[in-house]
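Below is one structure, written out as structure tokens, with a few remarks after it.
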Amino acid sequence: MQFMKKYLKRIKKDEHGAFTIEASIIFPILLLLTLSFIFFALIIYQQSVLHYSANTVAERLAFVWDNSDKDINTGEFDKYTTFPGGDGLYWRLTSDQFLSQFGIDIFSKGNATIQIGSGGGGSLPQQKLGRATTNILPPGATGEVQYNNGLAGSEIVVKLRSPLNLPSSLSSLFGINEIEAEASHVVTEPTEFIRTIDLAMYAVKSLKDYSGYITKFISSN
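Quick note on numbering: the UniProt record's numbering labels position 55 of the sequence shown as 55, and the sequence is numbered without any gaps.
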């Protein structure tokens with residue numbers, strides 16, 4: 001029994017073969033962990049690039065939404081909406097899908113959703129959305145852009161998809177074949193907002209004046 005204890009103590013103190021164990025077990029594990037972090041960082045990078053592209057498309061479309069003649073990259077234009085061939089004076093009421101939220105689809109001509117790079121066509125919102133091209137997107141990316149107009153405001157929604165640029169074996173290992181990104185941007189028109197407020201104030205004042213006339217007329221009779 002004493003011999004066994006001494007033998008075990010001697011084995012514990014003996015360091016022969018320790019480096020072999022570390023080299024055959026620990027180092028491969030560290031290498032695999034390092035490679036996993038690198039591939040994970042590549043996935044995060046591609047996801048970030050795709051999301052940045054989606055946000056760029058949504059922001060540019062929202063910026064030039066008030067005039068179909070505006071350049072999507074610079075915002076320059078040489079034609080106002082009231083000029084011949086422009087959007088028209090009342091395009092926000094008849095062609096901007098504002099009435100569709102009340103169930104009136106006389107002017108809307110379908111949903112305002114198109115594939116990026118298709119060139120638009122159809123309704124005026126689709127033509128405005130058609131200014132987004134695939135040149136803004138990363139290589140191999142596809143997606144769609146959608147316009148939503150509601151009582152609380154209007155927004156541009158962009159959804160993109162892109163294949164994962166990694167070897168197929170690694171894609172299978174992570175269980176991911178493609179990545180997706182979605183971004184939205186509110187359409188802001190300060191000038192039109194001021195006009196709407198002025199119109200609302202004028203309407204309220206006119207209603208008060210007419211209500212006073214009606215009250216006097218009823219009282220006199």
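Note that beta-carbon positions come from the ideal geometry of N, C-alpha and C, so glycine has one too.
### Task
Report yes if the C-beta distance between Lys159 and Gly175 is below 8 Å; otherwise report no.
no
#### Entry: Residue closest to Tyr147, alpha-carbon to alpha-carbon, out of Ala141, Ala200, Ile156
Ile156
### Anticipated Cβ contact below 8 Å, Glu178 with Arg161, distance rounded
6 Å
### Message
Can you give me the C-alpha to C-alpha distance between Ala203 and Asp209, rounded to a whole angstrom?
### Response
Cα to Cα, Ala203 sits roughly 10 Å from Asp209.
### Task
Check the C-beta distance from Gly153 over to Val186 and give it rounded, since I have them as a contact under 8 Å.
6 Å
### Query
Closest to Asn73 by CA distance: which of Val64, Pro139, Tyr80 is it?
Val64
### Query
To the nearest angstrom, how far is it from the Cα of Tyr45 to the Cα of Ile136?
17 Å
### Message
Taking the straight line between their C-alpha atoms, what separation do you get for Tyr90 and Leu173?
### Response
55 Å
### Query
Which whole-angstrom value describes the C-beta separation of Ser48 and Pro138, a residue pair presumed to lie in contact below a C-beta threshold of 8 Å?
With a Cβ gap of about 11 Å, Ser48 and Pro138 do not count as contacting.
### Query
To which residues of the same chain is Gly120 closer than 8 Å at the C-beta, ignoring the five residues directly before and after it?
Ile114, Gln126, Gln127, Lys128, Leu129, Gly130, Arg131
### Message
Measuring straight from C-alpha to C-alpha, what distance separates Ile116 and Ala183?
### Response
14 Å
### Sequence-distant residues of its chain with Cβ nearer than 8 Å to Glu192 (five each side left out)
Contacts found: Asp66, Arg92.
### Query
Could you give the C-beta distance for Ala141 and Leu42, rounded to a whole number, given that I count them as a contact under 8 Å?
That pair is no contact at about 16 Å.
### Query
In chain order, which continuous runs of the alpha helix (DSSP H) of length 4 or greater are located wholly inside the UniProt domain "TadE-like" (17-58)?
18-21
### Message
In the DSSP assignment, the beta strand (DSSP E) including Leu160 goes from what residue to what residue?
### Response
In the DSSP annotation of this structure, the continuous segment of the beta strand (DSSP E) that includes Leu160 starts and ends at 153-163.
#### Entry: Residue of Ser36, Ile26, Ile29, Pro28 minimising C-alpha distance to Ser169
Ser36
### Message
Let me confirm a value: Ser219 is counted as buried when at least 16 other C-beta atoms fall within 10 Å, else exposed. Which label applies?
### Response
So Ser219 counts as exposed.
### Message
Considering Cα atoms alone, identify which of Ala181, Pro28, Val145, Tyr80 is closest to Ala58.
### Response
Nearest to Ala58 by C-alpha distance, out of Ala181, Pro28, Val145, Tyr80, is Val145.
### Message
Which of the three DSSP states is assigned to Tyr147 in this structure?
### Response
Taken through DSSP and simplified to helix, strand or coil, Tyr147 comes out as strand.
### Task
Work out the CA separation of Leu166 and Ala112 for me, nearest whole Å.
34 Å
### Task
Give me the Cα-Cα distance between Glu189 and Thr34, rounded to the nearest whole angstrom.
50 Å
### Query
What separation, rounded to the nearest whole angstrom, lies between the Cα atoms of Leu32 and Ala181?
Cα to Cα, the separation comes out at about 29 Å.
### Message
Bridge partners for Glu182 per DSSP, in chain order?
### Response
Lys159
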